[in-house]
Amino acid sequence: MTVTDTRPERTATADGFLRRRTGLVFPLLLLITGIALGIGTLTMEVPDNTASPGPQLFPTIIAIACVVFAVLLAVDVLRRPEPALVATPGSTTDTTPTATDTDTPTAEDSDDTPVEEPPATRPRSNYRALFGVVGTIVVFIAVLNPLGWLISGAWLFWGIARALGSRRVVFDLFLAVAISSIVQLAFSAGLGLNLPPGILAGVF
Amino acid sequence: MESLSNLMDGFATVLTPMNMLWVFIGALLGTAVGVLPGLGSAMAVALLLPVTFSLDPIGAFIMFAGVLFGGLFGDSIAGILMNTPGNSTAIAGSIEGHRMAKSGRAAQALATSAIGAFIGGIIAATLVVFFAPSLAELATLFGPAEYLALAIFAFVAISAVVSDSVIRGLAALVIGLAISLVGIDGASGAARFTGGLPELFDGVDIVVITVGLLALGEVLAIAARRGTPEDTGILPSTGRLWLSRTEFRLALPAWLRGTAIGVPFGIIPVGGSEVPTFLAYGTERRLDARRRKPMFGKGAIQGVAGPEASGNATAGTAMGALLALGLPTSATAAILLAAFRQYGLQPGPLLFERASELVWALLASFFIGMVVLLILNLPFAPLWAKLLKVPRHYLYAGITVFAMLGVYATSSKILDLVLVLAIGLLGFGMRRYGIPVAPVLIAVILGPLAETEYRRAMAVSEGDPSALVSSPISITLYSVLLLTVAGLLFQRVRTRRRQKALV
């Protein structure tokens, strides 16, 4: 085990009001959902002979609930911002159990390596890797039908592995092609699932 | 004794070479998925759903049973050897388990956990065999109003109990309910929120939602955390594989206590095994503190035995509740419900009559699966840990490939792939901002049920809302719910106050 420097660093902006409250995207999402549900409910085409609690009742309730929880969640996020400190690469902040029990297990530790209580940090996001994964999937979706499973499946594996930090470009390429071929054989030939053949249609 | 003869028939169905193979494959897959961090049996079943299309239902379900329990057997391996629990259900058992491993007793910890999971699972399965038919009979008394009460109970309980903030839990629930609205309304035929897309008329598939939230969300979360040096220090599994008589005497009561704690939680919809495992951990610790030489903190065997047994006991009775009532009490059960529907079966009281061969074969496969898993896990636990040495980027790239394959294979719709990406991003955001995922799944499964039952109840009573609370069963359900929530809020306020007093 490597002991890494887990000291958090201060963000450049000393205050960063919004940076500590990026969690506001969720209230925003709820609000948008609520409005969309509301508009959808109002413009819904209801067949004439519908029994009394019709198809619009539940959407209305949920639309209202969306807006209510958007407000409540926004208040919650505003009142309890995330810590100003950003985790340095090297500290893990994700494994804290969200136990609901009152009896928290880390209360006492007579262990030789005490469970260190790291200063509260907010998770740091590796946006390059994140966009790498999302981008790879977007390209996969776009090329799946035109190019077929074999090529696009290999691209998917290769791209995700690369985005997640693999640096063996050529080896990965062979591995990716191997995996997508095995999948094609096992699922298409073996189990009879429908995978798009794409431009390699004639080859098989 | 009718149950026993039915169960024997079930064994006869399962003990064919082909079905045994499915049990074995399920157990292998389940354990593998359980060992890997962040992935659980709910996701494994969701990924398998499209693949099992071509199997007969009995083969598919006994494989699912293997996956379900395999996930619970496997999740403690990584927790004990690396202190990174494979799943939230293994957190409680890993605390003492990792300490045992550190003091050179890893093999005993793994054995305790495997035997604990076995005992909890077997006892729960036995209870299900004897009580599920009577539970199903009880369920025939349930009308629309009672089912609505059950669904509301599940909604509130899962939102309030699973997350540490009730607001976040309920917000997640609302997101799930909103997703469940998409599609054609069954009662009236009106298209709701489909944007005119015919692909959405059937609603968003549960496989898309599960795979997006659980698998893709996890992959994105892993990507976002890249650059974090992994501390993959796997402790060697040393020591005796078997337990000494003293250890056994310490562990046995803990296994039984854990089982007793876990069993009732399978029937209450509070989202699976997290709560009972922590309750079992707390009980063992309190009992241990009374001894002359408390072992907690130094690697207490009871701290592994209790939580592991309770986790599997909960999973076992949860299956009973799903089969007899048609009520999913955890995310995994929710996915299994979707699996039943895929085969045109509706779990609930009628299932025991309409598909009794399947039900009893499934119950028999619990016992067989448990034995297979004990054999797979007891001697081979260190081998399973080797799985964790596969580089992360290949592991999660492979999972993404299978996730996209599974989603596309179910429907052959490109739109589903776009949806799974969107839901994956949602799942990532929820992980990032501490919003629980389980309420979304329960809402998606039970939301349509709640709506249908409400409208049915209203149609029967001709719009009189008092019909919803007129039967003793629904009154009891609502009052238990009120008491639970009140008790929970009271407890939270009290601990908050105590924390404030300490500061």
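Heads up: the protein sequence lines correspond to chains A and B, in order.
Under UniProt numbering, the first residue of the first sequence carries the number 1, and numbering increases by one thereafter.
Under UniProt numbering, the first residue of the second sequence carries the number 1, and numbering increases by one thereafter.
We treat Cβ as the ideally placed atom computed from N, Cα and C, and that holds for glycine.
Note that the structure is a prediction, hence the values are computed from the model and not measured.
Compute every distance between the C-beta of PRO294/B and the non-hydrogen atoms of the ligand COA, then say whether any falls below 8 Å. Judged by which ligands are present, the structure shown has none, so any question about the ligand COA falls away.
THR452/B lies in the alpha helix (DSSP H); which residues open and close that run? Membership of THR452/B in the alpha helix (DSSP H) is indicated by the continuous run 438-461.
Confirm, please, whether the CB-CB distance from GLY266/B to GLY320/B is below 9 Å. yes
Among the candidates LEU24/A, LEU18/A, GLY34/A, PHE17/A, whose CA atom is the shortest distance from the CA of ILE179/B? GLY34/A
Which whole-angstrom value is the C-beta distance of VAL440/B and ILE175/B, which I expect to be below 8 Å? With a Cβ gap of about 6 Å, VAL440/B and ILE175/B count as contacting.
Span of the alpha helix (DSSP H) around LEU175/A: 169-183
Verify the CB distance criterion: does ALA189/A have a CB-CB separation below 9 Å to chain B? no
Thinking C-beta only, is GLU357/B closer than 9 Å to ILE58/B? yes
What does the alpha-carbon distance come out to for the pair GLY217/B and THR136/A? 15 Å
Taking CB distances under 9 Å as the criterion, tell me whether ALA178/A reaches chain B. no
Report back the beta-carbon spacing between MET458/B and PRO53/A to the nearest angstrom; my notes put them in contact at under 8 Å. 5 Å
Any C-beta of chain B sitting closer than 9 Å to the C-beta of LEU144/A? yes
Roughly how many whole angstroms lie between the Cα atoms of ARG497/B and ASP76/A? 19 Å
Residue closest to ILE435/B, alpha-carbon to alpha-carbon, out of ARG19/A, LEU18/A, GLY23/A: Across the set ARG19/A, LEU18/A, GLY23/A, the C-alpha of GLY23/A shows the shortest separation from the C-alpha of ILE435/B.
Helix or strand or just coil, what does DSSP make of ALA224/B? In the three-state DSSP reduction, ALA224/B falls in the helix class (H, G or I).
Along the segment 180-195 of chain B, where does the CB come closer than 8 Å to a CB of chain A? Name the residues. LEU181, ASP185, ALA187, SER188, GLY189, ALA190, ALA191, ARG192, PHE193
Could you tell me whether any Cβ in chain B is nearer than 9 Å to the Cβ of SER181/A? no
Just curious, the alpha helix (DSSP H) that PHE69/A is in, first and last residue? 57-79
Is the shortest distance between the beta-carbon of TYR454/B and the beta-carbons of chain A less than 9 Å? yes
What does GLY198/A touch in chain B if you count any residue whose Cβ is under 8 Å from its own? None at all; the shortest Cβ gap to chain B is about 13 Å.
With 9 Å as the threshold, decide whether the Cβ of ILE62/B is near any Cβ in chain A. Not an interface residue.
Same chain, Cβ closer than 6 Å to GLY297/B, neighbours up to 5 away in sequence not counted: Counting only Cβ-Cβ distances below 6 Å, and skipping sequence neighbours, we find nothing.
Pick helix, strand or coil for ILE184/B, following the three-state DSSP scheme. strand
I'd like to know if GLY320/B contacts chain A, where contact means its C-beta is closer than 9 Å to some C-beta of that chain. no
Interface residues of the segment 39-69 of chain A facing chain B [CB-CB below 7 Å]: Of all residues in the segment 39-69 of chain A, GLY40, MET44, GLU45, VAL46, PRO47, THR50, ALA51, SER52, PRO53, GLY54, PRO55, PHE58, PRO59, ILE62, ALA65, CYS66, PHE69 have a Cβ within less than 7 Å of some Cβ in chain B.
Nearest to GLY10/B by CA position, among SER113/B, PRO264/B, PHE352/B, LEU81/B, is which residue? PHE352/B
Less than 9 Å between the beta carbons of ALA160/B and LEU477/B, yes or no? no
Have a look at GLU308/B and SER113/B and give me their C-alpha separation to the nearest angstrom. Approximately 6 Å between the Cα atoms of the pair.
TRP255/B - containing alpha helix (DSSP H), residue span: 245-265
Below 9 Å between beta carbons: does that hold for ASN312/B and GLY121/B? Cβ distance < 9 Å, so ASN312/B and GLY121/B count as in contact.
Minimum C-alpha distance to THR50/A - residue among ILE209/B, SER165/B, GLY427/B, ALA187/B: ALA187/B
Return yes when the Cβ of SER273/B is within less than 9 Å of the Cβ of GLY282/B, no when it is not. Result no, Cβ atoms of GLY282/B and SER273/B do not sit closer than 9 Å.
Can you tell me the Cα-Cα spacing of SER461/B and PHE193/B, whole angstroms? 29 Å
Going along the segment 196-225 of chain B in order, which residues come within less than 7 Å of chain A, judged by CB to CB distance? VAL219, LEU220, ILE222, ALA223, ALA224, ARG225
From which residue to which residue does the alpha helix (DSSP H) around VAL23/B run? 17-35
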